[in-house]
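Structure first, then comments.
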Amino acid sequence: MEMCTAQGHVVGMLDRDQRTAKVCRFDRHVVLVKEYEDSRDQTALTRRNKTISHRSVPGRTSPHSSCKTRKNRHFWKSLHRLKHALIVGAYLSLFTFPSIESAPTIRTPKSMSRAASKPKWFNPCGMSAVNGAAPEHRMPDVQLIDQILNQAQIAEVRAKMFKEEYVHKTFNMDAQQLHNYYKDKDYDWLPTKEIPKNLDQAVPQEHLDTLEFKPTLTTVYSYLQKFAVGIEQIVWDEEDRNGPFKSSFVQTEDYLRTLLCEIYTAIIEKELTVEQNVDRDIMGPEFRNMDNTSMNIRNWIIYRDYLNMLEYIIQVFRHFKAKIE
1 MEMCTAQGHV VGMLDRDQRT AKVCRFDRHV VLVKEYEDSR DQTALTRRNK
51 TISHRSVPGR TSPHSSCKTR KNRHFWKSLH RLKHALIVGA YLSLFTFPSI
101 ESAPTIRTPK SMSRAASKPK WFNPCGMSAV NGAAPEHRMP DVQLIDQILN
151 QAQIAEVRAK MFKEEYVHKT FNMDAQQLHN YYKDKDYDWL PTKEIPKNLD
201 QAVPQEHLDT LEFKPTLTTV YSYLQKFAVG IEQIVWDEED RNGPFKSSFV
251 QTEDYLRTLL CEIYTAIIEK ELTVEQNVDR DIMGPEFRNM DNTSMNIRNW
301 IIYRDYLNML EYIIQVFRHF KAKIE
């Protein structure tokens, strides 16, 4: 194989001035050129090693240039993958999945001070004193029933509308799917087992036949107070984590309080007594201090059973009204 000089001559061939023959040798980093000078007496041979930059050799590129190109290409590929991962991560963060564990909600001094406040359901009508109505001014039972029915129906319509929005945006599924998934899950501090029906079902006629108007007023009032405990905590949590459904749950709490007021009015009209108000301690800390995923599931169970309670009240008081008429 013939070796070439940097100018393209074959090694050993004389150049134009008949004086110097150049031998070219390349390695990874530099080109060493050995120059031999031919003296007259052929006795003195001088060898010089000369380091030549890649810039001085035509057609020769830097031995590091390809490395830089590979590094640049690797950098841009890595940047592209990072951008893709960030986009996917941002997209997934828009959804909440039941199986994902999130960090617990941090309790603030404000949330800690709430426990010392008087529960709203202790006096839902905001009365300064509780006195029974004079006999001549008492409302008939059918009017009391109508007032309870009207408010329960308003609360039910609102609750059903919000149910679909909450489930779809929180769990990315429809309410029926979620209901089927958690239908066997309930809390013993809620009156779920005392209500002889499930969501979207009818109250059995044999149960309706056992009910009387006056005892039902105090029983239903106590049941609703238990739901008020749970919904109050939902509102607090939405405020603390600046949740997207804060205003909707506040409205739910207001509708519940108005319904409690109507039932409480009927209790006073019928000269009945609320033996004991339901306190906050029925809902233990394990149901209050939760991560976001568990909290969303808890909210659904409370809301589902509250909606079932509204259905129960409507069917029961329609039964009472039908008996009077």
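Sequential numbering of the sequence shown, starting at 1, is according to UniProt numbering.
Note that beta-carbon positions come from the ideal geometry of N, C-alpha and C, so glycine has one too.
The model shown is predicted, which means the values in this text are computed figures rather than measured ones.
On the premise that P124 lies in contact with C261, defined as a C-beta separation below 8 Å, what is that separation, rounded to the nearest angstrom?
That belief holds up - the Cβ atoms of C261 and P124 are roughly 4 Å apart, short of 8 Å.
Can K163 and Y303 be called in contact, C-beta distance under 8 Å?
Yes, they are a contact pair.
Does DSSP put D200 in a helix, in a strand, or in coil?
D200 falls in the coil class under three-state DSSP.
In this structure, how does DSSP classify D305 when only helix, strand and coil are distinguished?
DSSP places D305 in helix when its eight states are reduced to three.
Could you please give the first and the last residue of the uninterrupted alpha helix (DSSP H) stretch that includes C261?
Looking at the DSSP string, the run of the alpha helix (DSSP H) that includes C261 is K246 to E269.
For H319, which residues of its own chain have a beta-carbon under 6 Å away from its beta-carbon, when the five flanking residues on both sides are left out?
Within the same chain, H319 has close Cβ partners L208.
I need the straight-line Cα distance from E206 to D254, nearest angstrom please.
If you take the alpha carbons of E206 and D254, they lie about 33 Å apart.
Would I314 and L178 qualify as a contact pair, given that the criterion is a beta-carbon distance under 8 Å?
No, Cβ-Cβ distance for I314 and L178 is not below 8 Å.
Could you check which residue in D305, V220 and A322 has the C-alpha nearest to that of Q201?
Ranking D305, V220 and A322 by Cα distance to Q201 puts D305 first.
From D174, Y187, Y166 and N299, pick the residue whose C-alpha is nearest to that of Q233; which is it?
For Q233, the nearest C-alpha among the options comes from N299.
With Y181 as the anchor, note down where its alpha helix (DSSP H) starts and where it stops.
Looking at the DSSP string, the run of the alpha helix (DSSP H) that includes Y181 is A175 to Y182.
In chain order, what residues of the same chain have a beta carbon less than 7 Å from the beta carbon of E238, not counting five sequence neighbours either side?
Cβ within range, chain order: F245, K246 and F249.
Between V316, I297 and L259, which lies nearest to Y166 when the distance is taken from Cα to Cα?
It is I297 whose Cα lies nearest to the Cα of Y166.
Using a Cβ-Cβ cut-off of 6 Å (strictly less than) and excluding sequence neighbours within five positions of Q225, which residues of its own chain qualify?
Counting only Cβ-Cβ distances below 6 Å, and skipping sequence neighbours, we find W121 and V278.
Just to confirm before moving on: does the CB-CB distance between I324 and V142 stay below 8 Å?
Cβ atoms of I324 and V142: closer than 8 Å.
Please return the same chain residues whose Cβ sits closer than 8 Å to the Cβ of residue 329, not counting the five positions on each side in sequence.
This structure cannot settle anything about residue 329, because the visible part of the chain is limited to 1 through 325.
Find the nearest neighbour of N198 within the set T210, A322, Y312 and N289, judged by alpha-carbon distance.
Nearest of T210, A322, Y312 and N289 to N198, Cα basis: Y312.
Is Q176 buried or exposed, if buried means 16 or more other CB atoms sit within 10 Å of its CB?
Q176 is exposed by the Cβ-count criterion.
Using the C-alpha atoms, what's the distance from P204 back to R241?
Their backbone Cα atoms lie some 41 Å apart in a straight line.
Quick check: what's the CA-CA separation for T219 versus G284?
If I take the Cα positions, the gap works out to 22 Å.
Assign M173 to buried or exposed, taking buried as 16 or more other Cβ atoms, counted over all protein chains shown, within 10 Å of its Cβ.
Answer is exposed; the Cβ neighbour count stays below 16.
Measure the CB-CB distance between A155 and L259 and report whether it falls below 8 Å.
Their beta carbons are under 8 Å apart, which means A155 touches L259 by this criterion.
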